[in-house]
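The next block holds one structure in the form of structure tokens; read it before the comments.
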Amino acid sequence: MNEFIKLLKSHTSIRKFNDEKITDEQIQHILEAAMQGATAGNMMAYSIIKIRVKQTLSKLAKSCDDQSFIADADVALLFVADSYKWHRFYEQRNIFETFSDYKGPCISDFMLGVEDAMIAAQNAVITAESLGIGTCYIGDIMENYEYHKELFNLPKYSMPVALVVMGNYDTKPQTRERFDKSYVVFDESYPIITEEFIDNMFSRKESKDKDFAVKFYKRKMDAPFFKEMIRSIKLYIKEWNE
Ligand SMILES: Cc1cc2nc3c(=O)[nH]c(=O)nc-3n(C[C@H](O)[C@H](O)[C@H](O)COP(=O)(O)O)c2cc1C
Numbered sequence: 088m089n090e091f092i093k094l095l096k097s098h099t100s101i102r103k104f105n106d107e108k109i110t111d112e113q114i115q116h117i118l119e120a121a122m123q124g125a126t127a128g129n130m131m132a133y134s135i136i137k138i139r140v141k142q143t144l145s146k147l148a149k150s151c152d153d154q155s156f157i158a159d160a161d162v163a164l165l166f167v168a169d170s171y172k173w174h175r176f177y178e179q180r181n182i183f184e185t186f187s188d189y190k191g192p193c194i195s196d197f198m199l200g201v202e203d204a205m206i207a208a209q210n211a212v213i214t215a216e217s218l219g220i221g222t223c224y225i226g227d228i229m230e231n232y233e234y235h236k237e238l239f240n241l242p243k244y245s246m247p248v249a250l251v252v253m254g255n256y257d258t259k260p261q262t263r264e265r266f267d268k269s270y271v272v273f274d275e276s277y278p279i280i281t282e283e284f285i286d287n288m289f290s291r292k293e294s295k296d297k298d299f300a301v302k303f304y305k306r307k308m309d310a311p312f313f314k315e316m317i318r319s320i321k322l323y324i325k326e327w328n329e
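Per this note's numbering, the sequence shown starts with residue 88, numbered consecutively.
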């Protein structure tokens with residue numbers, strides 16, 4: 088197994104950072120590697136907002152479901168699915184007139200922007216980890232539509248899809264167990280999912296806690312943050328769909 092594979096297989100999210108600064112050179116490497124990721128049509132339908140101001144990190148710690156460790160990060164990178172710049176380009180080149188069916192970015196532009204942004208984000212995470220820097224994705228950035236739009240001055244046709252907080256750290260947690268490959272990787276086509284398949288897939292989790300399903304649903308899907316995420320994502324998608 089080469090060093091790169093070892094690095095990927097030892098991934099863990101880091102939520103406790105120390106005071107050691109990430110250097111500007113390290114940030115440059117992280118950003119350049121992020122931007123070299125594959126991107127649909129080489130369009131780079133995303134933007135990256137680099138956040139280092141402590142006050143902004145503190146605001147995010149609150150607005151992203153009160154996760155206080157966000158305020159302790161040294162840098163946060165916000166990956167924004169972004170159809171706005173290409174839309175402006177098309178406008179400036181009168182594409183509306185040349186192609187009468189162009190009505191602005193549509194749902195497939197949205198999806199491609201999200202994919203591009205996530206590929207760039209994961210490249211940033213891997214590069215940071217290769218430099219010994221800890222990272223954690225923050226999904227709650229997709230909540231509080233109005234607040235985050237204003238905080239980052241986001242135009243229409245742009246949506247923050249991933250916030251990655253970064254910092255140096257003293258202790259690396261144990262890697263977290265994943266589902267077995269047999270429940271995730273299928274040969275050639277999707278199998279028939281039997282009741283037994285589902286029982287087996289969740290057996291390790293339920294052997295530790297027989298009420299795993301109810302507790303997990305209550306903690307995630309039934310929580311106020313999740314309902315807020317649904318509300319906000321619908322508002323973002325509406326921009327592309329109009
Ligand atoms: C899209 C996405 C959103 C996430 N959001 C959060 C979050 O808001 N807060 C957090 O502490 N971890 C968050 N995580 C990290 C996951 O909790 C973590 O990856 C998962 O529990 C597996 O642990 P590991 O990364 O240490 O292997 C997120 C991860 C992803 C991919």
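Even glycine gets a Cβ: it sits at the ideal position worked out from N, Cα and C. What you are looking at is a predicted structure, and each value in this text was computed from that prediction instead of being measured.
Is there at least one non-hydrogen atom of ligand 1 closer than 7 Å to the beta-carbon of residue i?
{"i": "serine 269", "result": "no"}
{"i": "glycine 226", "result": "yes"}
{"i": "serine 150", "result": "no"}
{"i": "histidine 98", "result": "yes"}
{"i": "arginine 318", "result": "no"}
{"i": "arginine 306", "result": "no"}
{"i": "alanine 249", "result": "yes"}
{"i": "threonine 185", "result": "no"}
{"i": "threonine 262", "result": "yes"}
{"i": "tyrosine 223", "result": "It is cysteine, not tyrosine, that sits at residue 223 in the sequence shown. Flag set: Cβ of cysteine 223 near ligand 1."}
{"i": "arginine 102", "result": "yes"}
{"i": "glutamine 154", "result": "yes"}
On the CB-based measure, 16 or more other CB atoms within 10 Å of its CB, does residue i come out buried or exposed?
{"i": "alanine 125", "result": "exposed"}
{"i": "cysteine 151", "result": "buried"}
{"i": "histidine 98", "result": "exposed"}
{"i": "leucine 322", "result": "exposed"}
{"i": "glutamate 119", "result": "exposed"}
{"i": "phenylalanine 186", "result": "exposed"}
{"i": "cysteine 223", "result": "buried"}
{"i": "phenylalanine 91", "result": "exposed"}
{"i": "isoleucine 346", "result": "Residue coverage of the chain in this structure runs from 88 to 329, which leaves residue 346 outside it and unanswerable."}
{"i": "alanine 300", "result": "exposed"}
{"i": "tyrosine 232", "result": "buried"}
{"i": "isoleucine 109", "result": "buried"}
{"i": "proline 311", "result": "exposed"}
According to DSSP, is residue i helix, strand or coil?
{"i": "lysine 96", "result": "helix"}
{"i": "lysine 314", "result": "helix"}
{"i": "glutamate 135", "result": "At residue 135 the sequence reads isoleucine, which differs from the glutamate that was named. Strand."}
{"i": "methionine 246", "result": "strand"}
{"i": "phenylalanine 166", "result": "strand"}
{"i": "methionine 198", "result": "helix"}
{"i": "valine 251", "result": "strand"}
{"i": "glycine 221", "result": "strand"}
{"i": "asparagine 129", "result": "helix"}
{"i": "threonine 258", "result": "coil"}
{"i": "glutamine 123", "result": "coil"}
{"i": "phenylalanine 91", "result": "helix"}
{"i": "lysine 103", "result": "coil"}
{"i": "threonine 143", "result": "helix"}
{"i": "glutamate 293", "result": "helix"}
{"i": "asparagine 328", "result": "helix"}
For residue i, which option in the options has the closest C-alpha, if you only look at C-alpha atoms?
{"i": "leucine 147", "options": "Asp203, Lys236, Ala132 and Met122", "result": "Lys236"}
{"i": "proline 242", "options": "Trp327, Lys190 and Phe156", "result": "Trp327"}
{"i": "phenylalanine 289", "options": "Glu275, Phe273, Lys268 and Met88", "result": "Lys268"}
{"i": "isoleucine 157", "options": "Asn231, Lys103, Gly191 and Gly128", "result": "Lys103"}
{"i": "isoleucine 135", "options": "Asp196, Ala160, Leu165 and Thr143", "result": "Leu165"}
{"i": "asparagine 105", "options": "Asp257, Val301 and Arg263", "result": "Asp257"}
{"i": "lysine 93", "options": "Ile213, Pro260 and Val301", "result": "Ile213"}
{"i": "isoleucine 101", "options": "Leu199, Asn287, Lys172 and Pro260", "result": "Pro260"}
{"i": "alanine 132", "options": "Asp159, Ala163, Ala215 and Met198", "result": "Met198"}
{"i": "alanine 204", "options": "Ala249, Phe299 and Gly219", "result": "Ala249"}
{"i": "arginine 139", "options": "Tyr270, Ile317 and Asp159", "result": "Asp159"}
{"i": "methionine 397", "options": "Met246, Ser170 and Gly221", "result": "Since the first and last residues shown for the chain are 88 and 329, residue 397 lies out of range."}
{"i": "lysine 137", "options": "Thr281, Ala121 and Glu275", "result": "Ala121"}
{"i": "valine 167", "options": "Ile182, Tyr189 and Asp196", "result": "Asp196"}
{"i": "lysine 172", "options": "Gln154, Lys96 and Gly200", "result": "Gly200"}
{"i": "glutamate 112", "options": "Ala215, Asp274, Pro247 and Ile182", "result": "Ala215"}
Output yes if chain B places a C-beta closer than 8 Å to the C-beta of residue i; else output no.
{"i": "isoleucine 280", "result": "No chain B is present in this structure, which holds just one protein chain."}
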